[in-house]
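Residue numbers (the UniProt record's numbering): 1 to 192.
Here it is in structure tokens:
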């Protein structure tokens with residue numbers, strides 16, 4: 001009985017490494033650093049769904065959309081509800097309704113999330129890109145907005161008793177990013 005090696009080198013790829021590479025290309029075909037994966041029709045369909053269905057389920061209030069500046073900017077928000085992330089879709093659907101598709105931001109997304117085939121296929125098509133300052137800079141250079149949740153996993157998986165707290169875990173890279181790129185920080189707060 002033989003087993004496949006866990007890793008391989010480019011000089012002598014193992015059978016497992018070759019199979020994994022081929023499988024990854026099929027399951028994860030989109031470049032997670034590209035701004036070109038977005039599909040505006042899919043974004044419109046998802047936003048229409050959340051506008052008509054999800055808003056009935058969630059007690060959602062919104063304010064301040066009229067104060068969002070035009071052009072590039074960095075939406076900085078707190079993150080709720082684990083992997084489901086209704087906060088992101090509710091925010092985006094309201095933004096779409098009030099300001100149009102041009103203001104739907106690219107979302108800086110943890111690379112691990114983009115390795116799950118479903119999230120990869122849907123996420124990259126609605127504007128999820130690998131979280132990095134370089135990818136944010138590309139979006140800003142194209143006059144797009146970007147969404148980041150600095151608290152990431154710490155914020156999204158905080159205990160229910162802390163649901164009304166913002167937990168960034170000391171992460172301040174978004175401040176440096178906005179200063180370096182000379183874009184405004186646009187706060188987004190979700191409570192409940």
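Note that beta-carbon positions come from the ideal geometry of N, C-alpha and C, so glycine has one too.
Review point. Between the beta-carbon of residue 146 and the beta-carbon of residue 105, is there less than 7 Å?
Key: Yes. Within cutoff.
Practice item. Give a yes or no on contact between the region 117-134 and the region 26-41, applying the rule of three or more CB pairs nearer than 8 Å. Key: Counting Cβ pairs under 8 Å, three or more are found: they touch.
Check your understanding: Where does residue 54 sit, in a helix, a strand or coil, going by DSSP?
Key -> Helix, per DSSP.
Check your understanding: residue 88: buried (16+ other C-beta within 10 angstroms of its C-beta) or exposed?
Key -> Residue 88 comes out buried.
**Study point:** C-alpha gap between residue 52 and residue 93, whole angstroms
**Key:** The straight-line gap from Cα to Cα measures roughly 10 Å.
Point to revise | Cutoff 7 Å; reference residue 119; Cβ partners in own chain excluding five residues on either side | key: Cβ within range, chain order: 113.
Check your understanding: Using CA coordinates, which residue listed in 182, 149, 178 and 180 is at the minimum distance from residue 170?
Key -> Residue 149 is the option with its Cα nearest to residue 170.
Exercise for review: Please classify residue 63: is it buried, with 16 or more other beta-carbons within 10 angstroms of its beta-carbon, or exposed?
Suggested key: Flag for residue 63 reads exposed.
Exercise for review: Using the Cα positions of residue 115 and residue 123, report the straight-line distance between them to the nearest angstrom.
Suggested key: Roughly 10 Å separates the two Cα atoms.
Exercise for review: Pair every Cβ in the region 134-144 with every Cβ in the region 167-182, then say whether three or more of these pairs are closer than 8 Å.
Suggested key: Contact between the region 134-144 and the region 167-182 is present, because at least three Cβ pairs lie under 8 Å.
Review point. Helix, strand or coil for residue 200 per DSSP?
Key: In this structure the chain extends from 1 to 192, so residue 200 is not present and cannot be described.
Check your understanding: Where does residue 185 sit, in a helix, a strand or coil, going by DSSP?
Key -> Assigned with DSSP and collapsed to three states, residue 185 falls in strand.
Check your understanding: Name the DSSP beta bridge partners of residue 145, please?
Key -> Beta-bridge annotation (DSSP): residue 145 is paired with 73.
Practice item. Report the three-state DSSP secondary structure of residue 88 (helix, strand or coil). Key: Three-state result, residue 88: helix.
Practice item. Pick helix, strand or coil for residue 60, following the three-state DSSP scheme. Key: Residue 60 falls in the coil class under three-state DSSP.
Exercise for review: Would you tell me roughly how many angstroms separate the C-alpha atoms of residue 69 and residue 103, rounded to the nearest one?
Suggested key: C-alpha separation (whole angstroms): 10 Å.
Point to revise | Opposing strand residues paired with residue 106 [DSSP bridges] | key: Note: residue 106 sits in a beta bridge opposite 146.
Review point. For residue 98, which of 151, 75, 47 and 133 has the nearest alpha-carbon?
Key: When only C-alpha atoms are compared, the closest one is 47.
**Study point:** Spatial neighbours of residue 168 in its chain, beta-carbon cut-off 6 Å, leaving aside the 5 residues before and after
**Key:** Non-local C-beta neighbours of residue 168 in its own chain, meaning closer than 6 Å and more than five positions away in sequence, comprise 150 and 151, ordered along the chain.
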